[in-house]
Amino acid sequence: MPSVPSPDDRPSSRQPFLPADESEQLRETAKRLREQVSELEVQARTRTRIALAEGVLVERYRLENPEAAFSLLRQASQRANIKLHQLAAAVARTPGPVPGARVWLGGRASHPIPDLAALGAGTLNAANQGEVLGAALQRVLAVTGTDMGDLQLVEDGVLRMTKHAGLSRQFTDYFAFVDGNTACARAAAARHQVTVKEVASSAGFDDETRQVILSAGSRACHSIPLVDDEGSVLGVISSHHARPLLGFTQAQLRALEATGRTIGSWINWHQRTVLLDALEDLHQLALNARR
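Its first residue numbered 369, the sequence shown is counted upward by one per residue in the numbering used here.
Quick look at the structure:
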């Protein structure tokens with residue numbers, strides 16, 4: 369009588385994973401985990417700001433609960449076309465109105481709208497943050513001759529990714545917040561343009577950061593600080609290039625500097641005008657909600 373094959377001898381309908389399959393599966397798992405960690409970091413930073421603002425509003429206006437405060441924040445941010453977390457941060461850092469005052473920020477000086485002609489984008493709605501920042505990024509990409517780039521704004525002492533074009537999800541997640549030794553951070557600290565002619569051989573990145581940049585197809589990058597009239601750096605725009613760079617002409621560098629100063633001045637104006645208008649609108653909404 370023939371012997372019955374042992375379980376280990378029986379043919380299997382499932383093919384064993386090859387080493388290459390296992391490596392690919394591990395890479396995909398690592399990628400998903402990095403994306404999840406980045407999303408959690410963004411949510412944690414944003415939620416902390418919003419929760420603080422909710423608490424301020426609940427106490428100041430005797431609102432029923434944080435949900436009511438969140439609803440007012442969302443309404444005011446949408447009406448002003450600014451990010452909810454930006455309005456929440458402004459609520460937390462701006463001294464409150466005099467108790468019982470109908471106006472929060474009375475006696476504010478009027479600031480002229482900066483000239484945005486250096487962006488070469490035609491007529492722009494200066495109050496529309498997304499429109500102006502998008503035009504600034506496109507201007508830098510046009511001058512530097514690439515289709516990859518990003519724009520970061522300074523928030524709480526770090527650079528936060530606000531706009532990007534042509535870059536991978538891994539890249540934008542990894543650089544969602546930057547406070548380390550990167551080209552954009554160096555440009556912000558030095559208040560002048562920084563060129564990395566070849567990412568692969570630059571000493572300005574650690575191995576992990578370098579690999580993320582290279583994986584996005586960037587072999588070189590150039591960062592322009594966004595400097596206002598008072599000399600404060602309020603953000604950075606970076607272009608990324610598929611090939612190593614030899615450098616830029618003086619005309620290109622001047623055009624990029626003009627863009628950086630134009631947007632720096634505009635950010636300053638936006639913070640002192642549009643953002644404060646949104647705070648005033650929020651105050652009126654909260655007073656009406658309390659009736």
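Positions of the beta carbon are idealized from the N, C-alpha and C atoms, including for glycine.
Under DSSP, His608 shares a beta bridge with Met516, Cys589.
In this structure the region 431-438 does not touch the region 464-475; the number of beta carbon pairs closer than 8 Å is below three.
In chain order, Thr630, Ser633, Trp634, Trp637 place their CB closer than 7 Å to the CB of Pro482, counting only its own chain and leaving out the 5 sequence neighbours on each side.
When rounded, the separation of the alpha-carbon atoms in Ala553 and Asn493 is 29 Å. In the DSSP assignment, the residues bridged to Lys531 are Leu519. Judged by beta-carbon spacing, Ala584 lies beyond the 7 Å limit of Leu509, meaning their Cβ atoms are not closer than that value. About 35 Å separates the beta carbons of Thr462 and Ser607, which is beyond the 8 Å limit, so they are not a contact pair. In the DSSP annotation of this structure, Thr540 is not part of any beta strand (DSSP E); the continuous alpha helix (DSSP H) holding it starts and ends at 537-542. When DSSP states are grouped into helix, strand and coil, Val471 belongs to the coil group.
Beta-carbon to beta-carbon, Glu648 and Leu440 are separated by about 13 Å, too far to satisfy the 8 Å threshold. Contact annotation: the region 560-577 touches the region 608-617, with at least three C-beta pairs closer than 8 Å.
In this structure, Ala657 keeps its C-beta atom at 7 Å or more from the C-beta atom of Ala448. Relative to Asp575, the option among Arg559, Gly488, Thr550 whose CA is nearest is Thr550. When beta bridges are read from the DSSP output, Phe545 appears opposite Arg528. Three or more Cβ pairs closer than 8 Å define a contact, and the region 520-535 meets that threshold against the region 490-505. Contact between Val604 and Gln497 does not hold, since the beta-carbon distance rounds to 16 Å and is not under 8 Å. Non-local beta-carbon contacts of Arg559 in its own chain, meaning distances under 8 Å to residues more than five positions away in sequence, involve Pro593, Val595, Gly599, Val601 in chain order. For Val562, the enclosing beta strand (DSSP E) starts and ends at 562-564. Counting every other CB atom within 10 Å of its CB across the protein chains shown gives Gln454 a total of 16 or more, marking it as buried.
Per DSSP, reduced to three states, the secondary structure at Leu647 is helical.
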